[in-house]
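Numbering (our numbering), first residue to last: 798 to 1216.
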């Protein structure tokens, strides 16, 4: 007789202390993972161990604590490089978050390479972090912003994208997975098409790196950014991947200690990669914690995480389709849950998403409500705001059932009020 494998969530939930609590007397159902993920004990221990045993500045001391801190800090860089299949550890630059990583590229590369009339292609679904820096660069350089719109199924319109590409295109900067629509953009094909015209490509992988295998060499992107806090790591740490030759050609973004080779009163020479872009005392504990998170995810296996989330996605949408008042955004998943990310953004008629979220919170269910840092997309969709339930590998079908039950009750509650 075959023994059915235990669902992934049931094998890992004990690793997340925060999930064991109650909210308003109800077991916590955390469905706000697109905003930030929870942290396993392995990451919490890594943070505590650094501060209890190894706390010291890195790269600047020869004593034992400094050596141990430096080894752990740089070992985390090696883990991240392997996690995204970078060709060299020097291609991984620590940043505070993905927003800082995009700004690094915008100011170090964009301000030095873009000129009046050059074109930057973005999409209408971009997170503000992948929109505002390019607006600033365009305003200062005279570059022109162009935007890929959506298909009828609310996905990346590849045909329109191809029509936007030209010899004037110098940069394509696109999200891998939309945090609102849940669509998975074809970044490998997007990159190949851009490279045909000699354009550079930046991928915002904040919503993909935690959930699926990422191979930067296969994608062939020029840069890729991610945030640690969405992938079981601490807040305050993210990373930029960049092709080695390209990073070497870019001037420093911030000046100060650590990023220098030699300093004189009137000039300085700069350190080699990646330290050229890491000015000042870094987020040492956070980088070590991110390394522990990468270890944790790798031990589970990103293929396994992705497959389990597809199962959850299929079940989530099956249940959501039973609520006729909902308007779901983005493409529908395939029957097996593939074809989109494990999140659902929706509205429920005249009920404001913030009101839905407040009622769900009383049932112990945490979802997000608002514009999810995609205001232009919401205007494009003619929606002031949406509610969003987003899943991770520690969520269960039973939690989805609790969410659906609470959502139905909330909609019924407001139906009685509105008459």
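Built from N, CA and C at the ideal position, the CB exists for glycine as well.
Small disclaimer: the values here were computed from a predicted structure and weren't measured.
Per DSSP, residue 949 lies in no beta strand (DSSP E) and is assigned neither H nor E. Residue 1143 has 1125, 1184 as its beta-bridge partners, per DSSP.
With contact defined as three or more Cβ pairs closer than 8 Å, the segment 1056-1071 and the segment 882-892 are in contact. If you look at residue 986, you'll find it in the alpha helix (DSSP H) that goes 984-993. Three or more beta-carbon pairs separated by less than 8 Å are not found between the segment 1119-1135 and the segment 1152-1159, which leaves the two stretches without contact. Pairing residue 1106 with residue 993 gives a Cβ-Cβ distance that is not under 7 Å.
In the displayed model, residue 1089 falls within a helix according to three-state DSSP.
Unbroken alpha helix (DSSP H) stretches of 4 residues or longer found wholly inside the segment 844-931: 861-880, 895-902, given in chain order.
The alpha-carbon of residue 1205 is positioned some 51 Å away from that of residue 938. Per DSSP, reduced to three states, the secondary structure at residue 943 is strand. If you check the CB distance, residue 898 and residue 934 do not come in under 7 Å. Bridge partners of residue 974 according to DSSP: 981. For residue 1172, the CB contacts under 8 Å within the same chain, skipping 5 residues up- and downstream, are 925 in chain order. The alpha-carbon separation between residue 942 and residue 1023 amounts to approximately 23 Å.
A straight line joining the alpha-carbon of residue 1004 with that of residue 895 spans about 11 Å. Here residue 998 really is in contact with residue 988; their C-beta atoms are around 5 Å apart, less than 8 Å. The alpha-carbon of residue 914 is positioned some 22 Å away from that of residue 1019. When the beta-carbon positions are compared, residue 1016 and residue 1116 stay at least 7 Å from each other. Annotation for residue 1057: the continuous beta strand (DSSP E) segment containing it runs 1057-1060. Residue pairing for residue 1001: DSSP places it in a beta bridge opposite 972, 1022.
If you draw a 10 Å sphere on the C-beta of residue 1191, you find 16 or more other C-beta atoms in it, and that means buried.
Three or more Cβ pairs drawn from the segment 873-881 and the segment 1085-1101 lie within less than 8 Å of each other, which places the two stretches in contact. For the pair residue 835 and residue 1029, the Cα-to-Cα distance works out to about 6 Å. Beta-bridge partners of residue 1098 (DSSP): none assigned. The bridge partners DSSP lists for residue 826 are 1162. Ranked by how close their Cα comes to the Cα of residue 886, the residues 815, 1038, 929 have 1038 in first place. Between residue 847 and residue 1065, the beta carbon gap of about 30 Å keeps them out of contact (Cβ cut-off 8 Å). Annotation: residue 831 to residue 976 spans about 7 Å, alpha carbon to alpha carbon. Residue 1078 and residue 960 have their C-alpha atoms some 45 Å from each other. The beta carbon of residue 816 lies closer than 8 Å to those of 810, 825, 827, 835, 1191 in the same chain, with the five residues before and after it left out. Boundaries of the beta strand (DSSP E) around residue 1065: 1065-1067. The shortest C-alpha to C-alpha distance from residue 1139 to any of 1103, 1087, 1151 is the one to 1103. It is roughly 22 Å from the alpha-carbon of residue 1057 to the alpha-carbon of residue 869. In the structure shown, residue 1178 falls within a coil segment according to DSSP collapsed to helix, strand and coil. Put simply, of 927, 1027, 945 the residue whose alpha carbon is nearest the alpha carbon of residue 955 is 945.
Among the bridge pairs identified by DSSP, residue 819 is matched with 824.
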